[in-house]
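S.K.: Sharing a structure below in structure tokens format, with a few things to ask.
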Amino acid sequence: MNFGGREKLGESLTANGYKFGSILAQLTPGPVAQSLSQFAGVAASPALKDKREIFGRHLLRVDPTMSPAARKRKTQQAFESYARYWVESFRLPSLSSATVERGFEVDGYPHILEGLEAGNGVILALPHLGGWEWAGRWMTDQGHKMTVVVEPLENTELFEWFAELRAKLGMTVVPLGPDAGPTVLRSAAGQRGGCLLCDRDLQHSGIEVEFFGERTTLPAGPATLALRTGAALARPGSISRSATTGTTAWCWRRRGSSGPRSRADITELTQPSPTSSKY
Numbered sequence: 000m001n002f003g004g005r006e007k008l009g010e011s012l013t014a015n016g017y018k019f020g021s022i023l024a025q026l027t028p029g030p031v032a033q034s035l036s037q038f039a040g041v042a043a044s045p046a047l048k049d050k051r052e053i054f055g056r057h058l059l060r061v062d063p064t065m066s067p068a069a070r071k072r073k074t075q076q077a078f079e080s081y082a083r084y085w086v087e088s089f090r091l092p093s094l095s096s097a098t099v100e101r102g103f104e105v106d107g108y109p110h111i112l113e114g115l116e117a118g119n120g121v122i123l124a125l126p127h128l129g130g131w132e133w134a135g136r137w138m139t140d141q142g143h144k145m146t147v148v149v150e151p152l153e154n155t156e157l158f159e160w161f162a163e164l165r166a167k168l169g170m171t172v173v174p175l176g177p178d179a180g181p182t183v184l185r186s187a188a189g190q191r192g193g194c195l196l197c198d199r200d201l202q203h204s205g206i207e208v209e210f211f212g213e214r215t216t217l218p219a220g221p222a223t224l225a226l227r228t229g230a231a232l233a234r235p236g237s238i239s240r241s242a243t244t245g246t247t248a249w250c251w252r253r254r255g256s257s258g259p260r261s262r263a264d265i266t267e268l269t270q271p272s273p274t275s276s277k278y
């Protein structure tokens with residue numbers, strides 16, 4: 000049997016499924032699209048029992064006093080939120096700058112401008128939280144050039160389509176790998192913003208930090224690059240605020256990035272802020 004051919008066909012069908020979903024989301028009126036995303040979240044939740052259990056354990060780490068009923072409710076809300084993320088991301092290229100602007104509440108944007116004015120660029124250490132593509136689109140609408148380092152996908156056709164989608168939003172996409180570091184360095188030197196999605200230690204070589212009372216590891220890339228280049232290191236985070244309007248709130252926090260380049264300095268810059276749980 001030609002297993003390679005079947006695998007390639009499966010990857011192509013998956014990529015085409017995302018493409019079809021994107022077209023459908025852009026052609027569907029906003030309120031209808033939101034209703035469909037909520038329905039998709041409700042439908043998908045029971046079929047993904049393992050992921051529900053993982054999310055429930057995460058909730059208990061954050062709040063050990065949470066009741067089973069509250070945990071069940073918040074888990075379902077997470078699935079609905081994730082479905083909404085896809086619908087909103089698919090619709091984003093078709094939205095005007097004015098529409099995106101109306102859906103935003105921005106806190107701390109001057110930190111980004113101050114970092115750029117210092118002359119060494121800005122590195123944005125992003126978590127997978129909310130609709131980060133909306134932030135990239137908003138930044139490019141302000142006239143900023145953005146380079147985004149993302150996890151590569153085994154499905155190359157799907158990865159290339161995602162790269163094209165984000166390019167339509169004004170972002171240059173770079174897959175995580177040997178070329179990612181030099182590309183971000185060039186971006187900093189050219190006064191661009193470099194975005195690194197850095198809440199997953201994919202290479203298992205990260206810095207140990209404390210997160211909600213437990214020990215885990217996070218990638219050292221953002222802190223290391225900031226110390227090496229003198230770029231400002233900012234911590235953005237997005238929070239979806241409304242299921243009907245698709246608005247997203249942004250909070251920016253900047254940490255200093257100059258000084259010695261010891262492992263202790265990298266650890267200090269990588270450690271999540273105690274105030275992050277506020278958002």
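If you count the sequence shown from 1, position 28 lands on 27 in numbering that gives the first Met the number 0, and the numbers rise without skipping. The C-beta atom is built at its ideal place from N, Cα and C for all residues, glycine as well. Owing to the predicted nature of the structure, the values given are computational and were not obtained by experimental measurement.
#1: Can you tell me the Cα-Cα spacing of A219 and V149, whole angstroms?
#2: With a 10 Å radius around its C-beta and 16 neighbouring C-beta atoms as the bar for buried, classify G192 as buried or exposed.
#3: Could you please give me the residues that DSSP links to L196 through a beta bridge?
#4: Between the C-alpha atoms of R185 and L152, what's the straight-line distance to the nearest angstrom?
#5: For A179, which residues in the same chain have their Cβ closer than 7 Å to its Cβ, ignoring the five residues on either side in sequence?
#6: Name the one or two DSSP bridge partners that M145 has.
#7: Can you tell me whether T215 is helix, strand or coil according to DSSP?
#8: Could you have a look at D140 and say whether DSSP puts it in helix, strand or coil?
#9: In three-state terms, what does DSSP make of L94?
#10: Considering just the uninterrupted stretch of the beta strand (DSSP E) at D106, what are its terminal residues?
#11: Measuring CA to CA, which of E163, T266, L23 and L47 is closest to Q75?
#12: What are the partner residues of E209, as DSSP defines its beta bridges?
#13: So, with DSSP's three-state summary, where would you put A230?
#14: For S95, does the count of other Cβ atoms within 10 angstroms reach 16, so buried, or fall short, so exposed?
M.R.: So, from the data block:
#1: 15 Å
#2: buried
#3: L125
#4: 24 Å
#5: For A179, where only same-chain residues beyond five positions count, the Cβ hits under 7 Å are V148 and V173.
#6: M170 and G192
#7: strand
#8: helix
#9: coil
#10: F103 to D106
#11: L47
#12: R214
#13: In this structure, A230 counts as coil in the three-state DSSP scheme.
#14: exposed
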